[in-house]
């Protein structure tokens, strides 16, 4: 149980285009979903927290107009990187917690974004 | 106060040996301490977690030791295997925010 999926697993795009990443909780309803960014050999950096049906809460320094988050249902959240640039190239990982155990986060497999 | 300090940064252990990774925190409001294992190119996977009401938790070859007074906790991997080679992150949760605070990670290499 507690499986989180992400799609796509990797994506390559041209500078200036937008990319959407999906995060789904497959066997549980997620009250909250989180989006992280991870650079090589570094820890996870929280970008934003989203609750179903409400606006996401962004961490300090994260541009909300660049990283659009939509949490349309209890099993789906999307991250759209708008007007992507090479510096946005990174490993993006989502996580979700459930209604019963709100402190436990289950992570997706990650999405490798490369912007040319 | 929101930081979790993790050491060592990297660790090399012989097969069959014990791997020990340490973490320390400051915020006494933290009440949940998970460890995550991450393989290259994959998302972190929850390995084992502990709450402050117990001093030790064991699951198979993995043990968390928790010292509430010292505000420290550690992961012990007994009989380490090459398949355990990965990056390990400690984390802490609790207090006013709904966030996991991660340590900086430890790259473990288990040599055959």
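Chains as they are written, first to last, in my numbering: chain A, 1 to 116; chain B, 117 to 228. We put the CB at the ideal spot given by N, CA and C, even for glycine.
Interface residues of chain A facing residue i [CB-CB closer than 7 Å]
i, result
"residue 141 of chain B", "None at all; the shortest Cβ gap to chain A is about 15 Å."
"residue 218 of chain B", "43 and 44"
"residue 214 of chain B", "32 and 49"
"residue 221 of chain B", "43"
Neighbour list for residue i in chain B, Cβ cutoff strictly below 8 Å
i, result
"residue 110 of chain A", "157, 158 and 159"
Beta bridge counterpart(s) of residue i as assigned by DSSP
i, result
"residue 125 of chain B", "In the DSSP output, where bridge partners are listed per residue, residue 125 of chain B has none listed."
"residue 98 of chain A", "A/30"
"residue 196 of chain B", "DSSP, once it has assigned bridges, lists no residue as partnering residue 196 of chain B."
"residue 150 of chain B", "B/165"
"residue 218 of chain B", "B/207"
"residue 47 of chain A", "Residue 47 of chain A is not bridged to any residue."
"residue 223 of chain B", "B/126 and B/203"
"residue 3 of chain A", "BP columns for residue 3 of chain A are empty, so no partner."
Buried/exposed call for residue i, threshold 16 Cβ in 10 Å
i, result
"residue 42 of chain A", "exposed"
"residue 146 of chain B", "buried"
"residue 88 of chain A", "buried"
"residue 150 of chain B", "buried"
"residue 39 of chain A", "exposed"
"residue 221 of chain B", "buried"
"residue 98 of chain A", "buried"
"residue 55 of chain A", "exposed"
"residue 120 of chain A", "There is simply no residue 120 of chain A to check, as chain A begins at 1 and stops at 116 in what is shown."
"residue 93 of chain B", "Any question about residue 93 of chain B goes unanswered here, given that chain B covers just 117 to 228."
"residue 217 of chain B", "buried"
"residue 79 of chain A", "buried"
"residue 180 of chain B", "buried"
"residue 32 of chain A", "buried"
"residue 128 of chain B", "exposed"
"residue 184 of chain B", "exposed"
"residue 122 of chain B", "buried"
"residue 170 of chain B", "exposed"
Amino acids of chain A, ordered along the chain, whose beta-carbon sits closer than 8 Å to that of residue i
i, result
"residue 205 of chain B", "43 and 44"
Interface partners of residue i on chain B, CB under 7 Å
i, result
"residue 27 of chain A", "Simply none; closest approach about 15 Å."
"residue 106 of chain A", "162"
"residue 93 of chain A", "159"
Cβ-Cβ separation, residue j to residue i (assumed contact under 8 Å), whole Å
i, j, result
"residue 189 of chain B", "residue 178 of chain B", "Residue 189 of chain B to residue 178 of chain B, Cβ: 13 Å. No contact."
"residue 95 of chain A", "residue 4 of chain A", "7 Å"
"residue 75 of chain A", "residue 29 of chain A", "6 Å"
"residue 204 of chain B", "residue 224 of chain B", "6 Å"
"residue 161 of chain B", "residue 148 of chain B", "Actually they do not touch by this definition, with Cβ atoms about 17 Å apart."
"residue 73 of chain A", "residue 52 of chain A", "6 Å"
Chain B residues whose Cβ lies nearer than 9 Å to that of residue i
i, result
"residue 21 of chain A", "Those within 9 Å of residue 21 of chain A in chain B number zero; the least Cβ separation is about 12 Å."
"residue 65 of chain A", "The premise fails here: residue 65 of chain A is roughly 22 Å from chain B at the closest Cβ pair, so nothing lies under 9 Å."
"residue 119 of chain A", "This structure gives no information on residue 119 of chain A, because the portion of chain A shown stretches from 1 to 116."
Exercise for review: Examine the Cβ distances between the region 96-110 of chain A and the region 187-199 of chain B and report whether three or more of them are shorter than 8 Å.
Suggested key: no
Review point. Should the region 11-22 of chain A be regarded as contacting the region 78-85 of chain A, the criterion being three or more beta carbon pairs within less than 8 Å?
Key: yes
Point to revise | the region 195-206 of chain B touching the region 120-132 of chain B, judged by at least three CB pairs closer than 8 Å | key: yes
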